[in-house]
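All residue numbers for the sequence shown refer to my numbering, where the first residue is 88 and numbers rise by one. Virtual Cβ for every residue (Gly too), placed ideally from N, Cα, C. Note sheet for the following structure.
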Amino acid sequence: MTRTSKELSSRWRIGPDHEVLETPIGSIRKGPLQSRITMKRKDFYFFDFPDWVNIIARTPDNKILLIRQFRYGTKRMELEIPGGMIDPGEDPVGAGCRELLEETGFAGQSAKIIGKVCPNPAIQGNSCYTVLVEHAVLTANQSPDDMEEIDCLRVPAQDIDRYIRDGLIEHGLVLNAFFHYDRYNNGRAA
88 MTRTSKELSS RWRIGPDHEV LETPIGSIRK GPLQSRITMK RKDFYFFDFP DWVNIIARTP
148 DNKILLIRQF RYGTKRMELE IPGGMIDPGE DPVGAGCREL LEETGFAGQS AKIIGKVCPN
208 PAIQGNSCYT VLVEHAVLTA NQSPDDMEEI DCLRVPAQDI DRYIRDGLIE HGLVLNAFFH
268 YDRYNNGRAA
């Protein structure tokens, strides 16, 4: 069930927001919200990020490309899938193919969106897409960003569940991507 604009406007008065801090990956913004029922008002802070894309790339021999890279938030190496920010004017599939090539050197065919989520609607307004790329093959050298050092792994598709169960993959958006992948493979895609 989705809330309609009419229902939203009958319950809440949303004031204009403004930027508090600009960063290379997005900004922090602040805006007022007032209940039309209780008349209570509060300022909310939220992250204004671009949309993101995660890529599940499957090779012709049914392996999934995983990457291992350092993440400053957890201050450790994380096992993930390729992904990144969608540039202005770029569509999720194009961004996914670009990120896949940059981070792994792989390219493929039949790229398509198999899922979309709101990463954290309490404090973010962006979306994260999951793009499936079939028949991924190595076509170039990796060309990661300045502060990226990425190891690329080819993992048999049937081992992904074990990697998740054993806690080798803990990134929430990557786990969500594999949820969409499982639904897609079982004919329940969104």
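Nearest-angstrom beta carbon gap, residue j and residue i [assumed within contact, 8 Å]
i, j, result
"E186", "G176", "With 8 Å as the limit, E186 and G176 do not qualify as a contact, their Cβ atoms being about 15 Å apart."
"I101", "G113", "Not confirmed; about 20 Å, so no contact."
"R155", "A244", "Going by Cβ atoms, the distance from R155 to A244 rounds to 18 Å, so no, they are not a contact pair."
"R249", "K150", "Incorrect: roughly 14 Å between the Cβ atoms, too far for contact."
"G254", "V220", "Contact flag wrong, Cβ pair sits at about 26 Å."
Per DSSP, cross-strand counterpart(s) of residue i
i, result
"T217", "N141 and G202"
"Y132", "K117"
"G171", "V140"
"Q156", "E165"
"I101", "L120"
"A150", "Rather than Ala, the amino acid found at residue 150 in this sequence is Lys. Looking at the DSSP assignment, K150 forms a beta bridge with P243."
Secondary structure of residue i, DSSP reduced to three states
i, result
"G274", "coil"
"T110", "strand"
"R163", "strand"
"H258", "coil"
"N207", "coil"
"F193", "strand"
"I251", "helix"
"G212", "coil"
"R241", "strand"
"A223", "strand"
"R185", "helix"
"S96", "helix"
C-beta contact flag for residue i and residue j at 8 Å
i, j, result
"V224", "K199", "no"
"G192", "T226", "yes"
"G212", "D135", "yes"
"R139", "C215", "Sequence check: residue 139 is Trp here, not Arg. Against a cut-off of 8 Å, the Cβ pair of C215 and W139 comes out as a contact."
"I173", "P137", "yes"
"H267", "I168", "no"
"L262", "I251", "yes"
"L166", "I256", "yes"
"P179", "L260", "no"
Closest Cα partner of residue i within the set the options
i, options, result
"D130", "P111, D148 and D104", "D104"
"A264", "R252, D238 and I142", "I142"
"V107", "D253, F133, L188 and R275", "F133"
"I124", "R270, R98 and P206", "R98"
"R158", "Y271, R275, R270 and M234", "M234"
"S96", "Q121, R128 and D148", "Q121"
"N228", "H222, E236, L188 and M164", "L188"
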